[in-house]
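Participant: Residue numbers (my numbering): 1 to 79. We put the beta carbon where it would ideally sit given N, CA and C, even for glycine.
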């Protein structure tokens, strides 16, 4: 994240996971369900001007993507 910040990009980190006592199974790495994380993501960006989103997380799959797709992130509010 430091390189992203130094490069002048704005970023938001959402999540709840702490890395103590988390199984190696990557499905636990979010710390919450994909559904909750998708809603948190929508809330985090709902008031932002977005040009591009980069998402890279082993715990996120089509479940998360389908929730976000239902809400056009460029016009949708989480409320």
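What three-state label does DSSP hand residue 2 in the structure shown?
Facilitator: helix
Participant: In the DSSP assignment, find the alpha helix (DSSP H) that holds residue 35 and state where it starts and stops.
Facilitator: 34-45
Participant: Can you grab the Cα-Cα spacing for the pair residue 29 / residue 45, in whole Å?
Facilitator: Their backbone Cα atoms lie some 21 Å apart in a straight line.
Participant: Note down the Cα distance separating residue 4 from residue 62, rounded to an integer number of angstroms.
Facilitator: 26 Å
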